[in-house]
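Heads up: the structure comes next, in structure tokens.
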Ligand code: GLN
């Protein structure tokens, strides 16, 4: 498969086209990002590296991190299934990522770990069981990425801390139902730091490669997840990775994936490749408009979706 030619074609075809969307502004620091940025990077299971555009520029990965936080909770803390899955469900939410409505009538148990409510519960679990959650988490990411040059962004984290009214409402509502065990401020602070991680498309694709390889990192061959756990993470990305647009992403792209309001999307094709794309303007559902189009073109041109 000539991945480089395909990525070049995607870049050429989409250049200058209008895909609509707005750069996220509810986190003031993200509103400063240049909307014209575009990068894409693909890692093949055989070790091939293919990139175009701004694929080596770092950006705020935001909700893409929710996958990595869940993997960390499952892999490193050696949790029994019950401890996690009694506190968060595995159902698509069909609602926006920051919605409050289901928390009320489902008595504080979020629909899945990839909406904000679910990710806050995972953050709470990590705060309970790590001596230094921030330090341990970034160490884990650096191992997955085979890269020590990955850092939190203090400015982005502080910016969201200041204006994150909705997350504060979400976490307080869950706390009222007993599903947050630690201090709200401690959990929120850790969550915002995880969302602020800065990574390039190349680093993201490399970090997610283990999910195309049944839970084993490449090239390091470190076992992060069992085959079954790896399958489950991919299943969750497929059904819940794009909130109330998960169906649309499956329909158009056909890969397990996860988006973030920084404009990044990661997707994996188990057995073939991992890919990351970055374009800051978001559609109405909070997913990168051009990023979705680029991935749709990738699976069409390669014929490699999971369906
Ligand atoms: N940090 C963002 C928030 O909590 C992440 C949301 C996202 O990327 N969808 O609102």
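Residue numbers (the numbering used here): 137 to 443.
From the three backbone atoms N, C-alpha and C, an ideal C-beta is built for every residue, glycine too.
On a predicted model such as this, the values are computed, not experimentally measured, just so you know.
CA-to-CA distance, residue 412 to residue 366, given in whole angstroms: Locating residue 366 in the chain shown gives position 230, where the first residue counts as 1. Locating residue 412 in the chain shown gives position 276, where the first residue counts as 1. C-alpha separation (whole angstroms): 18 angstroms.
Range of the contiguous beta strand (DSSP E) that encloses residue 189: As a position in the chain shown, residue 189 is number 53, starting the count at 1. Residues 185 to 189.
Cβ neighbour criterion (16 or more within 10 Å) applied to residue 342: Taking the first residue of the chain shown as 1, we reach residue 342 at position 206. Burial call: buried.
Near the ligand GLN: residue 316 beta-carbon under 8 angstroms from a heavy atom: Translated into positions along the chain shown, residue 316 becomes position 180. No, the beta carbon of residue 316 sits no closer than 8 angstroms to any heavy atom of the ligand GLN.
Unbroken beta strand (DSSP E) run spanning residue 403, endpoints: Position 267 of the chain shown, counted from the first residue, corresponds to residue 403. Under the DSSP assignment, residue 403 falls in the beta strand (DSSP E) whose first and last residues are 400 to 405.
Neighbouring residues (CB closer than 6 angstroms to any heavy atom of the ligand GLN): The set, ordered by position in the chain, is 198, 199, 233, 234, 252, 296, 303, 331, 396, 397, 422.
Residue 178, enclosing beta strand (DSSP E) - first and last residue: In the chain shown, counting from the first residue as 1, residue 178 sits at position 42. Residue 178 -> beta strand (DSSP E) spans 175 to 180.
N- and C-terminal bounds of the beta strand (DSSP E) containing residue 395: On the chain shown, position 259 is the one that residue 395 refers to. For residue 395, the enclosing beta strand (DSSP E) has its first and last residue at 393 to 395.
Cβ distance (whole Å) where residue 262 is taken to contact residue 346 below 8 angstroms: As a working mapping, residue 262 is identified with position 126 in the chain shown. As a working mapping, residue 346 is identified with position 210 in the chain shown. The pair is not a contact, with the Cβ atoms about 19 angstroms apart (cut-off 8 angstroms).
Alpha-carbon to alpha-carbon, residue 398 and residue 166: Counting from 1 along the chain shown, the entry for residue 166 is found at position 30. Counting from 1 along the chain shown, the entry for residue 398 is found at position 262. One alpha carbon belongs to residue 166, the other to residue 398, and they sit about 7 angstroms apart.
Classification of residue 95 by the beta-carbon crowding that lies within 10 angstroms, buried from 16 upward: Residue 95 is absent from the structure shown; the chain starts at 137 and stops at 443.
Pairwise C-alpha distance: residue 211 and residue 223: Mapped onto the chain shown, residue 223 falls at position 87. Mapped onto the chain shown, residue 211 falls at position 75. The straight-line gap separating the alpha-carbon atoms of residue 223 and residue 211 is approximately 17 angstroms.
Integer Cβ distance of residue 374 from residue 386, believed to fall under 8 angstroms: To locate residue 374, count along the chain shown from 1; it is residue 238. To locate residue 386, count along the chain shown from 1; it is residue 250. 6 angstroms between Cβ atoms; contact.
Residue 389 - containing beta strand (DSSP E), residue span: Residue 389 sits at position 253 when you count from the first residue of the chain shown. Note, residue 389: premise wrong, no beta strand (DSSP E); not H, not E.
Run of the beta strand (DSSP E) containing residue 411, from where it starts to where it stops: The residue labelled residue 411 in the question sits at position 275 within the chain shown. Its beta strand (DSSP E) spans residues 409 to 414.
Inter-residue Cα distance where the pair is residue 162 and residue 296: For this step, residue 162 is matched to residue 26 along the chain shown. For this step, residue 296 is matched to residue 160 along the chain shown. C-alpha separation (whole angstroms): 8 angstroms.
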